[in-house]
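To start, the structure itself, in structure tokens.
Residue numbers (this note's numbering): 216 to 746.
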């Protein structure tokens, strides 16, 4: 019998419960989890941790989690691995971390990953926006689990695991189901009951995982939060490579080598951002540095000619309109014009900051690597890619096999929606890698294809990827989800603030509505309405 089937049978109740599992002492209940016998699951650590401080998450830039230290209460810490094995190129298995507070609120949260995974973020359930000050799930009383996506890597950009067939499947989606089953088993064994509500929350790749949790495991979760989701992840790398094709001819050469970071200077992008603000900032009734009326913003990049070099304008137009095949057909969606294009979060994906011929742009370290090794079948060497001459249409076709595994583009979600499942999506309008236009198009299709009212999309002006940018990027989608799922209050807006606009609060309206100034103190929430 296949290991995955043995695991499923075990988690459906075929494993005997240890005699001490429901001891009154939480330390005894926690330590008893070490003795659980589940086929193909190894528990390495199970002990009660006293209240104290957890250090900052070193991978928060990839997950969108907060980089701050966190004071937590007494909780049971469990670490283990599912289906540990020797595979092609090394050791594999889905490692997980599970934290269960003694003071439990009856809820369970699966915390999504980031990058190409390969690491375990502390299972605390930070709201996955780097600037968010919202209370994490663990300190709200949630039991929380996190995982590595089925492989370990030298870093979140390491795609070498893709040489192994099962590792690809695990990273694509299978680890989500495996960890969900184990974590719910641990919840039941530690608390003596199943969770009242189960949620999934993540940003970037974790946002993709959140969408897949609802799409491919519709009976497991009551609600998900998907931030800046990498839901069309097989096509986004083509957008990154397309950008490199536009930018490299502009890059000044030093000792014969192009310096990517200098293809568009900071002064260039400041000019672009200012021009977009001049054209669109006041469409919401107030000129305040925030383009709330993004649906009405029809910026003409040709207007930049004479302000920055004409060739740079042409490159920007091509980048923002999206990757195209040789026949002109789109292979990845274009991007909206927004004020955050001059921010560091945009630059680090598109251009980087390296002053040498070795670029540090994430379009290279993640985009090229994921395209060549993860999404091509069979994998190819990154050094063999000639993006100046490649046929983007053929590349999209070549990636379709892996896209079927990885992409969270399924739009008929009636099972999930009819049993009451909810989905909250937030997206930065200045996200440089995952198109805001793309998620809006998916959202419209999903709401057409799915009968029940189950989802809300919140577009965040000025925000880049999982936070950053000049934006109101301090908000709390988990509370919005709780109120909708548990209390039946469907959200019309999400209150937001941000360090970029000190003292200002404003609603982020549920798409397609936008925040408009109605009068009064422009820094007050009540001075705006959604329409």
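All residues carry an ideal CB built from backbone N, CA and C; glycine is no exception.
Since the model is a prediction, treat every value here as computed from it, not as a measurement.
Neighbourhood of residue i by C-beta, 7 Å cutoff - its chain only, sequence neighbours within 5 removed
{"i": "residue 636", "result": "429, 433, 436, 437, 438, 669"}
{"i": "residue 696", "result": "414, 438, 440, 637, 639"}
{"i": "residue 732", "result": "499, 500, 501, 742, 743"}
{"i": "residue 236", "result": "Interpretation of residue 236 is limited by its pLDDT of 41, a score under 50 that renders its predicted location unreliable; the figure taken from the coordinates is listed afterwards. Same-chain partners within the cutoff: 244, 247, 404."}
{"i": "residue 511", "result": "498"}
{"i": "residue 715", "result": "685, 686"}
Cβ-based neighbour list, residue i, same chain, cut-off 8 Å, excluding 5 preceding and 5 following
{"i": "residue 453", "result": "538, 546, 547, 586, 607, 610, 611, 614"}
{"i": "residue 481", "result": "557, 562"}
{"i": "residue 534", "result": "457, 458, 461, 462, 550, 565"}
{"i": "residue 737", "result": "501, 503, 719"}
{"i": "residue 667", "result": "629, 632, 633"}
{"i": "residue 569", "result": "474, 475, 476, 575, 576"}
Sequence-distant residues of its chain with Cβ nearer than 6 Å to residue i (five each side left out)
{"i": "residue 317", "result": "241, 289"}
{"i": "residue 463", "result": "473"}
{"i": "residue 650", "result": "548, 550"}
{"i": "residue 376", "result": "366, 382"}
{"i": "residue 540", "result": "546, 607, 608"}
{"i": "residue 517", "result": "none"}
{"i": "residue 625", "result": "430"}
{"i": "residue 418", "result": "279, 343, 442, 443, 681"}
{"i": "residue 259", "result": "294, 295"}
{"i": "residue 698", "result": "704"}
{"i": "residue 735", "result": "742"}
{"i": "residue 630", "result": "433"}
{"i": "residue 426", "result": "441, 444, 446, 623"}
{"i": "residue 590", "result": "449, 614, 617"}
Residues that DSSP places opposite residue i in a beta bridge
{"i": "residue 751", "result": "Nothing about residue 751 can be reported from this structure: the residues present for the chain run from 216 to 746 only."}
{"i": "residue 450", "result": "Bridge partners of residue 450: none, in fact."}
{"i": "residue 290", "result": "264, 316"}
{"i": "residue 321", "result": "Paired residue(s): none; residue 321 is not in a bridge."}
{"i": "residue 550", "result": "Looking at the DSSP assignment, residue 550 forms no beta bridge with any residue, so it has no partner."}
{"i": "residue 722", "result": "710"}
{"i": "residue 309", "result": "297"}
{"i": "residue 730", "result": "745"}
{"i": "residue 764", "result": "This structure cannot settle anything about residue 764, because the visible part of the chain is limited to 216 through 746."}
{"i": "residue 427", "result": "Its beta-bridge partners do not exist; DSSP assigns none."}
{"i": "residue 256", "result": "253, 297"}
{"i": "residue 469", "result": "472"}
{"i": "residue 523", "result": "520"}
{"i": "residue 362", "result": "311"}
Neighbour-count burial assignment, residue i, 16 or more Cβ in a 10 Å radius
{"i": "residue 366", "result": "buried"}
{"i": "residue 678", "result": "buried"}
{"i": "residue 447", "result": "buried"}
{"i": "residue 389", "result": "buried"}
{"i": "residue 293", "result": "buried"}
{"i": "residue 491", "result": "buried"}
{"i": "residue 616", "result": "exposed"}
{"i": "residue 604", "result": "exposed"}
{"i": "residue 723", "result": "buried"}
{"i": "residue 700", "result": "buried"}
{"i": "residue 395", "result": "buried"}
{"i": "residue 665", "result": "buried"}
{"i": "residue 662", "result": "buried"}
{"i": "residue 598", "result": "exposed"}
{"i": "residue 656", "result": "exposed"}
{"i": "residue 676", "result": "buried"}
{"i": "residue 683", "result": "buried"}
{"i": "residue 721", "result": "buried"}
{"i": "residue 507", "result": "buried"}
Under 9 Å between C-beta atoms of residue i and residue j
{"i": "residue 247", "j": "residue 404", "result": "yes"}
{"i": "residue 303", "j": "residue 424", "result": "no"}
{"i": "residue 496", "j": "residue 503", "result": "yes"}
{"i": "residue 499", "j": "residue 730", "result": "yes"}
{"i": "residue 299", "j": "residue 255", "result": "yes"}
{"i": "residue 339", "j": "residue 269", "result": "yes"}
{"i": "residue 334", "j": "residue 368", "result": "yes"}
{"i": "residue 278", "j": "residue 385", "result": "no"}
{"i": "residue 336", "j": "residue 275", "result": "yes"}
{"i": "residue 713", "j": "residue 686", "result": "yes"}
{"i": "residue 633", "j": "residue 378", "result": "no"}
{"i": "residue 553", "j": "residue 645", "result": "yes"}
{"i": "residue 331", "j": "residue 420", "result": "yes"}
{"i": "residue 643", "j": "residue 555", "result": "yes"}
Please confirm if the region 682-699 is in contact with the region 348-358, defined as three or more CB-CB distances below 8 Å between the two stretches. Enough Cβ pairs lie closer than 8 Å, so yes.
Pairing CB atoms from the region 406-418 with CB atoms from the region 310-330, are three or more of them under 8 Å? yes
Indicate whether the contact test is met: 3 or more Cβ pairs, each with one atom in the region 569-577 and one in the region 465-483, closer than 8 Å. yes
The region 354-362 in contact with the region 393-402 per 3-pair CB rule at 8 Å: Of all C-beta pairs linking the region 354-362 to the region 393-402, three or more are shorter than 8 Å, placing the two stretches in contact.
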